[in-house]
Every structure is written in structure tokens, then in C-alpha cells.
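Residue numbers (the working numbering), protein chains in the order written: chain A, 1427 to 1509; chain B, 9 to 379.
Idealized CB from N, CA, C, for every residue including glycine.
What follows is a set of notes on a single structure, which appears directly below.
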Amino acid sequence: FPAEPPRGNEENDAKFAEEYLKRYYNLQNNVRQSRKKGENPLTLKIKEMQQFLGLKVTGKLDSETMEVMHQPRCGFVDAGEFN
Amino acid sequence: IFPGNKGWNKKELTYRILNYTPDMLQSEVDYAIQRAFKVWSDVTPLTFTRIYSGVSDIEISFAAQVHNDYYPFDGPHGTLAHAFAPSSGIGGDAHFDEDETWTSGSNGYNLFIVAAHEFGHSLGLFHSSDPSALMYPTYHFTEPSEFRLPEDDVNGIQSLYGARTAPEEPTVPEKPNDPSTPSTCLPNITFDAVTTLRGEIIFFKEKTFWRQISQNSEVEQHLISTFWPTLPNHIQAAYEFQDRDQVLAFKGAKYWVISGYEVTEDSPKSIYDLGFPRTVRKVDAAVYDDNSRKTYFFVNDNYWSYDEQKQSMDSGFPKKIVDRFPGLTKIRAAFQKDGFLYFFDGHHQYEFSSAKRRVTRLLKNNSWIKC
Chain A
1427 FPAEPPRGNE ENDAKFAEEY LKRYYNLQNN VRQSRKKGEN PLTLKIKEMQ QFLGLKVTGK
1487 LDSETMEVMH QPRCGFVDAG EFN
Chain B
9 IFPGNKGWNK KELTYRILNY TPDMLQSEVD YAIQRAFKVW SDVTPLTFTR IYSGVSDIEI
69 SFAAQVHNDY YPFDGPHGTL AHAFAPSSGI GGDAHFDEDE TWTSGSNGYN LFIVAAHEFG
129 HSLGLFHSSD PSALMYPTYH FTEPSEFRLP EDDVNGIQSL YGARTAPEEP TVPEKPNDPS
189 TPSTCLPNIT FDAVTTLRGE IIFFKEKTFW RQISQNSEVE QHLISTFWPT LPNHIQAAYE
249 FQDRDQVLAF KGAKYWVISG YEVTEDSPKS IYDLGFPRTV RKVDAAVYDD NSRKTYFFVN
309 DNYWSYDEQK QSMDSGFPKK IVDRFPGLTK IRAAFQKDGF LYFFDGHHQY EFSSAKRRVT
369 RLLKNNSWIK C
């Protein structure tokens, strides 16, 4: 079995991104189910993350965004509450 | 900085190393931690004193997975470390993920680099959105001996604690021939960047540059700030593109355009506008090659090819330096002269024929300079 899910698969990318955004951008649980009027919370968090990291703000999990998400990093949250 | 947190209200801080990683010698850990604090004490009035018992301001520990702070680590890779903003209790403490492989070199995660970042948090700095800053959230290896605290981090920490006051204020203006200024005649001289400029050769080193106007003239040495007040010190790469009468000078994720002899008003610009991915945090060297009519950018052991006509990066890059430039693996400075490329790495200079695709001569680093 592969140690990590293969990269470049849309489903895996979405799951990985969701976990990443929960950890560092205070994305709330069940974002896929909580879609109401307006933009998806996941899209908003992707945009927030892209803006913070100086990436092109697309709201999409493009290759550059995924590449940065996969980089090793500091565990301090970039947004949300500070305890 | 952290919202609502103005940092420590004292200048003399203590730290304690609670435990060690088995990945490194204890003396290596001690040294990495000490150096990481020095990064911040060099530019502020802060002092850091190690204590061995009692509770310090900044408690340093290695731990894996759940470790009693509600921020569990996640196994190898991913999150490497975290630290808390200044306050009592857990405030200021820095935790390093023991599931990582820690090192004093580059094979694994360099403890000095990660600790320097975490101590930024311990002192009150939040993450930076400047990709060349130490406080940018993602890890980027830099050779510790070449590490210099980027400007964004200096500005951040000095906004909290002020600048370090020098023991003595200089009474005369700074001159390029001060005793601390490097001399080109030293046999082991290295350069930060080299470029041609309207027929001259410019060698950048720290806050100065040498200007070799012609082969027969004596070299001139100047402060960068005297010639180009808006250009930073410690330029890391530079190249001339004669068709536009421009020199591009690089530092971190920014570059400055010198048009003729003047720095353009829209400088600095972002290297990402040239087509670099965000994983690139600095450029080691750059050169325009007349033979292939391409600009080459060198980053670690990779290179990119840039098309000046299309003003875009060629596809299929980066590639390994050694694949296009046999005999070379890393390039720290480069320039082109009389159809040859000249590459600098450490104390070596290589003359490279782009047409023959091979190194044709090995030269001394200071061979172009008449002292």
C-alpha cells in the first residue's frame, strides 16, 4: 500500500485541503454539508489561504496551491482563535 | 505581530531545554538553539540566558503526537514545530515534533532554521506573508552559515523591541575601506553576485561592490547604498540584459531593475511575476547567455530557463544544473563575458563554453580584479 494517497487526485486533494484548512485556517467541520447561499466556506478558506501565502487567489485547488499545502511548515495556526 | 500582544515587557529573557532529540548530539542541539536566539538578539536589545532549573520564559522541548497543549503533532512531515506568543505559563514555549528527523545540516529538517522561526513566535511575531521572510509559515532550507535575517523579520521584531543600540556610534561616515570591509585581494574571497554593466564587471559582496571598469584599470570599491540608495545590501544574484540596457538584481523573493545606472521607480518586483513557483524563496545566481539567447536562473542544484523575448519562463523547468552544465552542481554567482559564461561556487571560478557545453578553464575567484 502507498504510504500517502497519490497526489493529483481531485478527491484526495479535496480531503487533504480540508484537513489543512481545518488545522491552519480554522475551517469548521462539515463544510461540504453547510453550503448555503453565497460561496462555499471551503472556497472562502482556500481564498484566505491563497491570499495569506501570496498565491494567486482563485479559490480553487490548483497545482501551486496544492504544492504549498504539501510543504512542511510551522504548526502555528494562521487564523482563528489564539488560546 | 500577534493581535493584541505587544511582546515581552522585559528585555532579559531566559530559556531552558527540557529534553533532547536523539537525532542530534546534545552539543549540536545546544548550538542550534543558541544560534537561533542570536538571530533575534543581533537586531534587538533582547538578551537570552540559558537556565538549567526552575521555569524559564521560553521552555523548549521535543515531543511527538499529543503533548498536552491541545495542538497534537502529526507524525513525520506536515507540522514540524510550533510556539506560543509571549505570556506567562505556556506563553513563549517552543515545541518541536520528535517524529521529524532533526539535523544540523540539510539531510532532514535543520533545527537552527526551524528554531529561529519558532523563537520569532516566542517573541511575539505572527506569520509573514512575505515568502522570503523567516516567519513565512513553510520550511525552506538555508545554509546556516549563509543565513541572514530578512528585512521583513527585522522590521517586525524591531517594531516590538526597537533596534539594538550599538556600543559606539560611528563618528565618521561609513567608508567602503573600513577595516571590516572585505578585500578582493584575499585569496579566499567569495562574491554574493556578479554581473556586467555597460562593459564593466560588478562584483557584489555584502554592503559593497567592486567595479572593474576595464581590464587595465584598478578596481574601485563602493558602498551599494552610495550608488543605488534604494538597492538593498547582500544582493544574491544579478544579470545584465543588454538589449534592454538593464541589470536585474535579486534578493529573497524580490528583484530590482537598474535601467542604465538608475534603479527604476517600480522596483522592487516579485520574482513570482517572472514565473517562479512559490517554493522558490531566493535565486542563487542568474546570467543571460548570448549563445542560447536565454537567461538562466540557478536555485540550489536546479536551473530555470527564461525567454527574454516572450518574457516568460520556458516550460519543462526546473532541471538539474549538471544536466546542462556538466561539471557543475551548484552556482552561487555568474556572468557572461566574450562568449563565455563564468560560474562561481565557493572558492572556485569556472569558465564555461555554452557552445561546447563544457568547462574550459578553472580560474581563481578574483582573477578579474586588479587590486
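Mapping DSSP to helix, strand and coil, what is Thr146 of chain B? strand
Determine the chain A residues that contact Tyr79 of chain B at a beta-carbon separation under 7 angstroms, and present them in chain order. Gly1501
Counting pairs of beta carbons, one from the stretch 238–253 of chain B and one from the stretch 195–215 of chain B, are three or more of them closer than 8 angstroms? yes
Using a beta-carbon distance below 9 angstroms, is Asp346 of chain B in contact with chain A? no
Cβ-Cβ distance between Tyr280 of chain B and Gly1480 of chain A below 9 angstroms: yes
Would you say Gln1454 of chain A faces chain B, with C-beta separation under 9 angstroms as the test? no
When you compare the CB of Gly1485 of chain A with every CB in chain B, is at least one pair closer than 9 angstroms? no
Exposed unless 16 or more other CB atoms sit within 10 angstroms - verdict on Gly453 of chain B: Because chain B in this structure spans residues 9 to 379, residue 453 of chain B falls outside the shown range and cannot be described.
Where the stretch 129–161 of chain B meets chain A: residues whose CB sits under 7 angstroms from a CB there: His129, His135, Ser137, Pro139, Pro145, Thr146, Tyr147
Using beta-carbon positions only, say whether Ile232 of chain B and Asn241 of chain B come within less than 9 angstroms of one another. yes
For Gln1497 of chain A, go through chain B and note every residue whose CB falls closer than 8 angstroms to its CB, in chain order. Thr146, Tyr147, Thr287
Return the first residue and the last residue of the beta strand (DSSP E) that Gln220 of chain B is part of. 216–220
Are three or more beta carbon pairs between the stretch 90–100 of chain B and the stretch 124–138 of chain B nearer than 8 angstroms? yes
To the nearest angstrom, how far is it from the Cα of Lys1448 of chain A to the Cα of Gln1454 of chain A? 6 angstroms
Is there contact here, the stretch 24–37 of chain B with the stretch 1488–1502 of chain A, by at least three beta-carbon pairs under 8 angstroms? no
Can we say the stretch 258–273 of chain B touches the stretch 307–321 of chain B, given the rule of at least three CB pairs closer than 8 angstroms? no
Local conformation of Glu248 of chain B per DSSP, three classes: strand
If you compare alpha carbons, which of B:Gly354, B:Asp161, B:Leu349 is closest to Ala363 of chain B? B:Leu349
I want to see whether chain B comes within less than 9 angstroms of Glu1490 of chain A, judged by CB atoms only; does it? yes
Cα-Cα separation, Val295 of chain B to Ala123 of chain B: 34 angstroms
Any heavy atom of the ligand ADP inside 8 angstroms of the beta-carbon of Pro53 of chain B? Ligands in the displayed structure: none, and consequently the ligand ADP is not present.
Validate contact between the stretch 330–338 of chain B and the stretch 293–313 of chain B using beta carbons, cut 8 angstroms, 3 pairs: yes
What's the call for Glu154 of chain B, buried or exposed, on a 16-neighbour Cβ count within 10 Å? exposed
Ala71 of chain B at chain A interface by Cβ criterion, 9 angstroms: no
Tyr1451 of chain A vs Ala1505 of chain A beta-carbon contact at 9 angstroms: yes
Please tell me whether Tyr263 of chain B has its Cβ less than 9 angstroms away from any Cβ of chain A. no
Taking Glu20 of chain B as the reference, give the member of B:Val37, B:Tyr169, B:Ala72 with the closest Cα. B:Tyr169
Could you give the residue range of the alpha helix (DSSP H) that holds Ile161 of chain B? The sequence shown places Asp at residue 161 of chain B, not Ile. Taken as a continuous stretch (DSSP letters only), the alpha helix (DSSP H) holding Asp161 of chain B covers 159–169.
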